[in-house]
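Visitor:
Protein chains: 2
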Amino acid sequence: LIISILGDGGWGTAQAILLAGNQHQVTLWGAFPDYVKELNQKRLNGKFLPGVPIPKEIRITTDIKQAVSGCELLVVAVPSKFLRSVISRLKGLISEKTILLSVAKGIESRTLFRMSQVIQEETGRPSSVLSGPSHAEEVARHVPTAVVVASEDLKTARAIQSAYMCENFRVYTQMDVVGVELGGALKNVIAIASGLVDGLKLGDNTKSALIARGVMEISRLGVELGADKETFYGLSCLGDLITTCFSPHGRNQSVGRELAKGRSVKEIISGMEMVAEGVETIASALALAKRERVDLPITRMLQEVISGSVDVHEAVHLLMTRPPKPEFA
Amino acid sequence: LIISILGDGGWGTAQAILLAGNQHQVTLWGAFPDYVKELNQKRLNGKFLPGVPIPKEIRITTDIKQAVSGCELLVVAVPSKFLRSVISRLKGLISEKTILLSVAKGIESRTLFRMSQVIQEETGRPSSVLSGPSHAEEVARHVPTAVVVASEDLKTARAIQSAYMCENFRVYTQMDVVGVELGGALKNVIAIASGLVDGLKLGDNTKSALIARGVMEISRLGVELGADKETFYGLSCLGDLITTCFSPHGRNQSVGRELAKGRSVKEIISGMEMVAEGVETIASALALAKRERVDLPITRMLQEVISGSVDVHEAVHLLMTRPPKPEFA
């Protein structure tokens, strides 16, 4: 296939390497001319994917028109914050037949839209989504990885599955676009809480309980928003959350660890090169929960810690000492 | 309450400490006179829970009649292998009103019974079960922990919930005894596979995918055996599996890590002081799966690695290159 990838961060670059390895013709687009120049000269993404050579077959450009021209599969790998502005530049540039695929994770603050909804609004076309436990650093190094691709149309999902699958990258199809996208976005909130648990030097028991209860909390909201409950217990939410919580690569997790030291979110974020999507997702999740009248105790407590109204130790105490409950309400 | 705990391993001892802290009158029973003597003299369980003092209020005895006499809650914390023989000694010793609670995890090889079924067969009385991400080492040190207690009778579940709950130990009630017990037993199989992934130095992506797909595999079998699917995505299966896979305390995991070095299971087990329940559970799980006509690809592959018919690297390759599939069949 002729494939274009928008976004030269770690995930976009790893996908370019993976897809080029599957013999596709791949173009990688980046927004910043200086960085694209560096990528082309060094054939290394030193800032986001250090140490992994970028094969010479991958074309890297900052010209969006040239990047997407004639592409059969368009992969959107820009941070959720910038996704709308990048997509809005595609008008008139892509064919009716181009398959759109979002690999970005987040919820737009203003509209509370999922990324595929933003893409649909800007292009008038539905977008598939790919998600799962897939740290870019590991995918680029051919570590065995399994993800899901969700599409409203099974044929499209299968076409994407077939484009990505290889010995070290296994793709399962899904039709629950809403669930896969929400799980991928909302798990970043629980990942921040998990970093907090680490930072407080609590134990594995605490962290595992947080993850199990966290997925349940996400699924409660997701079901109200039209997703299948089961989806959240698959690769896209649960699987991804586990990697995020236990990997040294996790950005959201490291935000939590820093919070535990008593630093402010503003201070933590300003020191980071990469984007920790979870921080913005907290407010979006709570806004959605309010609209759907669902309680998200962990997310709510995290918001209170961040806003400074509850101390971190007090937050753990409050969560542990809520009234006795059945496991599934 | 007057509480007796059968089994002076790490988990039995940690529960004794927890329950004594909740002001119950606790007796701990151990099978070996020499070790019980040591426990009484040192007030330390040096072999299974090093460094944690055992409060003097806990009575420790090797006399089973004395241990269970007059108890209102009887906690069974012996390894699954020895459970039947210990329980068979209780005939005529416990009152009709005594609540029976199993915290043992495993499936009896000969009968393929869950532990509560063994207890029921031996005593004629139903047993509740308590399970979840709860490493004994952490519970004994008051690390925040959340578990479930399942009982066919909600009132009984609530009574146990109330006996255990405190600031650092949160208990959720459940009515799916079958699901809670199967999840707790079968997750040990996936934990061995996870240790293998670690030993092979694969990545976080691989391990997270294994856990997500592993829970799915367990739930497929569990549903055929009469459990609720949802139970497996709660604290008792998923939550427990996560702790087991990421904790340095994990015994089953360490079996997997040693397997990755090419050592035989027999050799590995003979060198272990504690019991790795998962090894025996593999055969039981496959026997149940055969009876119920369910496919367990991960468990099956693990069995082939252990029996020596497939090399570990080949096993990963075979799992990754199965035909393309939907996430939920």
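The listed protein sequences derive, respectively, from chains W and C.
Residue numbering for the first sequence follows our numbering, beginning at 80 and increasing consecutively.
Residue numbering for the second sequence follows our numbering, beginning at 80 and increasing consecutively.
Beta carbons: idealized from backbone N, C-alpha and C, even for Gly.
#1: For the alpha helix (DSSP H) that contains residue 146 of chain W, what are its first and last residues?
#2: Can you give the Cα-Cα distance for residue 181 of chain C and residue 128 of chain W, rounded to whole angstroms?
#3: Give me the Cα-Cα distance between residue 50 of chain C and residue 209 of chain C, rounded to the nearest whole angstrom.
#4: At the level of alpha carbons, what is the spacing between residue 327 of chain C and residue 267 of chain C?
#5: Measure the alpha-carbon distance for residue 274 of chain W versus residue 287 of chain W and round it to whole angstroms.
#6: List the residues of chain C that residue 136 of chain W touches, going by C-beta distances under 7 Å, in chain order.
#7: Using C-beta distances below 8 Å, list every residue in its chain close to residue 319 of chain W, excluding the 5 sequence neighbours before and after it, in chain order.
#8: Which residue wins for smallest C-alpha separation from residue 109 of chain W, given the options W:384, W:137, W:271 and W:336?
#9: Got a sec: is the Cβ-Cβ distance from residue 172 of chain W to anything in chain C below 8 Å?
#10: Does DSSP put residue 306 of chain C in a helix, in a strand, or in coil?
#11: According to the neighbour-count rule (16 or more other Cβ atoms, all chains shown, within 10 Å of its Cβ), is residue 111 of chain C buried or exposed?
#12: Enumerated in chain order, which unbroken segments of the beta strand (DSSP E) with a length of 3 residues or greater are wholly contained in the stretch 339-380 of chain C?
#13: Can you tell me which of C:126, C:142, C:95 and C:119 puts its alpha carbon nearest to the alpha carbon of residue 152 of chain C?
#14: Find the residues of chain C that neighbour residue 161 of chain W, judging by a C-beta separation of less than 8 Å, and give them in chain order.
#15: To which residues of the same chain is residue 135 of chain C closer than 8 Å at the C-beta, ignoring the five residues directly before and after it?
#16: From the beta carbon of residue 271 of chain W, is the nearest beta carbon of chain C less than 8 Å away?
#17: Short check: CB of residue 191 of chain W to CB of residue 367 of chain W, under 8 Å?
#18: Note the first and the last residue of the continuous beta strand (DSSP E) segment covering residue 229 of chain W.
#19: Can you tell me where the alpha helix (DSSP H) with residue 275 of chain W in it begins and where it stops?
#20: Please report the distance separating the alpha-carbon of residue 83 of chain W from that of residue 93 of chain W.
#21: What ranges does the beta strand (DSSP E) occupy inside the stretch 167-237 of chain C, keeping only unbroken runs of at least 3 residues that lie completely in it?
#22: Is it true that the CB of residue 195 of chain W sits closer than 8 Å to the CB of residue 256 of chain W?
#23: Closest to residue 176 of chain W by CA distance: which of W:289, W:339, W:147 and W:220 is it?
#24: Please check if any C-beta of chain C sits within less than 8 Å of the C-beta of residue 351 of chain W.
#25: Which word fits residue 359 of chain W, buried or exposed, when buried means at least 16 other C-beta atoms lie within 10 angstroms of its C-beta?
#26: What residues from chain W crowd round residue 103 of chain C, counting only those whose CB sits closer than 9 Å?
#27: Less than 8 Å separating the beta-carbons of residue 272 of chain C and residue 335 of chain C?
#28: Measuring CB to CB, does residue 236 of chain W end up less than 8 Å from residue 252 of chain W?
#29: Taking residue 404 of chain W as the query, report the chain C residues whose CB atoms sit under 7 Å from its CB, ordered along the chain.
#30: Taking C-beta to C-beta, are residue 365 of chain W and residue 379 of chain W nearer than 8 Å?
#31: Could you tell me the alpha carbon to alpha carbon distance between residue 39 of chain W and residue 85 of chain W, rounded to whole angstroms?
#32: For residue 183 of chain C, which option in C:142, C:240, C:115 and C:259 has the closest C-alpha, if you only look at C-alpha atoms?
#33: Return the chain-ordered list of same chain residues with a C-beta closer than 7 Å to the C-beta of residue 447 of chain C, the five sequence neighbours on each side being excluded.
#34: Quick one: what does DSSP say residue 387 of chain W is sitting in, helix, strand or coil?
#35: Which residues of chain W have a Cβ atom closer than 8 Å to the Cβ of residue 227 of chain C, listed in chain order?
#36: On a CA-only basis, which of C:141, C:193 and C:142 is nearest residue 160 of chain C? Give me that one, please.
Guide: This is what the structure holds:
#1: Start and end: 143-147.
#2: Put simply, the backbone Cα of residue 181 of chain C is about 49 Å away from that of residue 128 of chain W.
#3: Any answer about residue 50 of chain C is impossible in this case: the structure gives chain C only from 80 up to 408.
#4: Roughly 15 Å separates the two Cα atoms.
#5: One Cα belongs to residue 274 of chain W, the other to residue 287 of chain W, and the distance between them is close to 12 Å.
#6: Residue 136 of chain W does not reach chain C, its nearest Cβ partner there being about 24 Å away, counting only Cβ pairs nearer than 7 Å.
#7: Leaving aside the five residues that flank residue 319 of chain W on each side, the residues in its chain whose CB is nearer than 8 Å to its CB run, in chain order, 210, 211, 212, 213, 262, 263 and 266.
#8: Answer by Cα proximity: W:137.
#9: Judged by the 8 Å Cβ criterion, residue 172 of chain W is not in contact with chain C.
#10: Assigned with DSSP and collapsed to three states, residue 306 of chain C falls in coil, not helix or strand.
#11: Using a 10 angstroms sphere on the CB of residue 111 of chain C, the tally of other CB atoms stays under 16, which defines it as exposed.
#12: Counting only runs of 3 or more, we get nothing.
#13: Ranked by how close their Cα comes to the Cα of residue 152 of chain C, the residues C:126, C:142, C:95 and C:119 have C:95 in first place.
#14: Result: empty, since nearest Cβ-Cβ is about 25 Å, beyond 8 Å.
#15: Once the five neighbours on either side are set aside, the close Cβ partners of residue 135 of chain C are 122.
#16: At a cut-off of 8 Å, the C-beta of residue 271 of chain W has no neighbouring C-beta in chain C.
#17: Contact annotation: residue 191 of chain W and residue 367 of chain W have beta-carbon atoms nearer than 8 Å.
#18: Looking at the DSSP string, the run of the beta strand (DSSP E) that includes residue 229 of chain W is 224-229.
#19: Counted as a single uninterrupted DSSP element, the alpha helix (DSSP H) harbouring residue 275 of chain W occupies residues 256-278.
#20: Taking the straight line joining both Cα atoms gives about 13 Å.
#21: 178-181, 207-210 and 224-229, all fully within the stretch 167-237 of chain C.
#22: Yes. Within cutoff.
#23: Ranking the options by Cα distance to residue 176 of chain W, first place goes to W:147.
#24: Under the Cβ criterion of 8 Å, residue 351 of chain W is not counted among the residues facing chain C.
#25: By the Cβ-count criterion, residue 359 of chain W is buried, with 16 or more other Cβ atoms from all chains shown falling within 10 Å of its own Cβ.
#26: Per Cβ cutoff of 9 Å: no residues; residue 103 of chain C is ~17 Å from chain W at best.
#27: Judged by beta-carbon spacing, residue 335 of chain C lies within the 8 Å limit of residue 272 of chain C, meaning their Cβ atoms are closer than that value.
#28: Taking 8 Å as the Cβ cut-off, residue 236 of chain W and residue 252 of chain W qualify as a contacting pair.
#29: Residues of chain C passing the Cβ test: 251.
#30: A contact, by the Cβ cut-off of 8 Å.
#31: Given that chain W is displayed from residue 80 to residue 408, the structure contains no residue 39 of chain W and the question cannot be resolved.
#32: For residue 183 of chain C, the nearest C-alpha among the options comes from C:259.
#33: Residue 447 of chain C lies beyond the stretch modelled for chain C, which goes from 80 to 408, so this question has no answer here.
#34: Coil at residue 387 of chain W, not helix or strand.
#35: Near residue 227 of chain C (Cβ distances below 8 Å), the residues of chain W are 406.
#36: Closest in C-alpha terms to residue 160 of chain C, from the list C:141, C:193 and C:142, comes C:193.
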